[in-house]
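Following full-length UniProt numbering, the numbering of the sequence shown begins with 1 at its first residue and continues without gaps.
C-beta: ideal position from N, C-alpha, C; glycine also.
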Amino acid sequence: MAGVDPDFVLRYLAEVEALAEEVMAARQQIVDLNQKRNQNREALRALSKEFNSADKATVCFGSMFIQLPKTKTQEMLQRDQELLEEDIAKLQKELKVKVSNLMEAQGKPELKGYDLKPLTAEETWFMRKVVDS
1 MAGVDPDFVL
11 RYLAEVEALA
21 EEVMAARQQI
31 VDLNQKRNQN
41 REALRALSKE
51 FNSADKATVC
61 FGSMFIQLPK
71 TKTQEMLQRD
81 QELLEEDIAK
91 LQKELKVKVS
101 NLMEAQGKPE
111 LKGYDLKPLT
121 AEETWFMRKV
131 VDS
């Protein structure tokens, strides 16, 4: 241990800490987006329970309340849900890369099966066909 350069150790620890902070920030961002997605899901459910197209719904945008037709409100929430799904999927892909970089920097082996992707419908159909034969 006496031959290890203290500056090298300090740079190494700073790099690992920076990578770990990126991972934690990405995870927190995913949690925040999931909370918003759940709130949107609750709002969509509440609107669909008491659906009367002539009625208006009161929607809060920041610090301002606006009355909009329920159909328009549902469309806006549905579009927001789609955007949130895309953002979460993108962040999850980025998180996998960041975790891989962190593991590599720490000298740990790569996580096995961490980057698996689900089978497509076509691949599942072929697998069932092969198994049933």
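Determine whether the beta carbon atoms of residue i and residue j lie at a separation below 8 Å.
i, j, result
"R27", "L95", "yes"
"V31", "V99", "no"
"L84", "K36", "yes"
"A20", "L102", "yes"
Smallest Cα separation from residue i: which of the options?
i, options, result
"E104", "N40, E17, P6, D5", "E17"
"C60", "A20, R41, T73", "T73"
Assign residue i to one of three DSSP states: helix, strand, or coil.
i, result
"V4", "coil"
"T124", "helix"
"E110", "coil"
"E42", "helix"
"E15", "helix"
"L33", "helix"
"L47", "helix"
Counting only beta-carbon atoms, is residue i nearer than 8 Å to chain D?
i, result
"A43", "Absent from the structure is chain D; it holds one protein chain and no more."
Just list the residues that DSSP pairs residue i with in beta bridges.
i, result
"A57", "L68"
Would you mind listing the beta strand (DSSP E) stretches within the stretch 62 to 102 that are 3+ residues and don't spill past its ends, in chain order?
64 to 69
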